Amino acid sequence: MEDPKHLEIVEQLKNHLIVSSELENVVGLFKTLGDVTRVRIILALAESTLSVTELTEVLDLNQSTVSHQLSLLKQQNLVKGTRNGKNIHYELSDRHIMTIVDQVKAHVSEH
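Have a look at this one:
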């Protein structure tokens, strides 16, 4: 017979776990971070606001690749762009993503 205390914990977990729509958003964010180019863009933007041209130079990638990856990052609200004359300068939407990246880096370096 199961321990009643354990059954209570299981029941509480069933009622408090992330709902599926929230969970899909979490998974979507991790999928976005599952690409080396996108993480490199995030790391570059953590250092400075940059235009697509500057990102192509820093990352040694072509313009269409950078633009496509920025679009995916914008869909997840990880980066935002601000028009400055003819150029759009991109920056991180907030620092939360760097907390995640830093935690993952720390985890990886432990092993």
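Here the sequence shown is numbered in full-length UniProt numbering, starting from 1 and rising by one per residue.
All C-beta atoms, glycine included, are put in the ideal place defined by N, C-alpha and C.
Because the structure is a prediction, the values reported are computed rather than measured.
- T37 is the residue among T82, V26 and T37 whose C-alpha sits nearest the C-alpha of L59.
- Annotation for V79: I41, I42, L45, L70, L73, Y90, E91, L92 and S93 place their beta carbon closer than 8 Å to its own, counting only its chain and skipping 5 residues before and after.
- Going by DSSP, E91 is part of the beta strand (DSSP E) stretching over N87 to L92.
- Excluding the 5 residues flanking it on each side, G81 has same chain C-beta neighbours closer than 6 Å at I88 and Y90, in chain order.
- Within the UniProt domain "HTH arsR-type" (18-111), the beta strand (DSSP E) runs of at least 3 residues that lie entirely inside it are, in chain order, 79-84 and 87-92.
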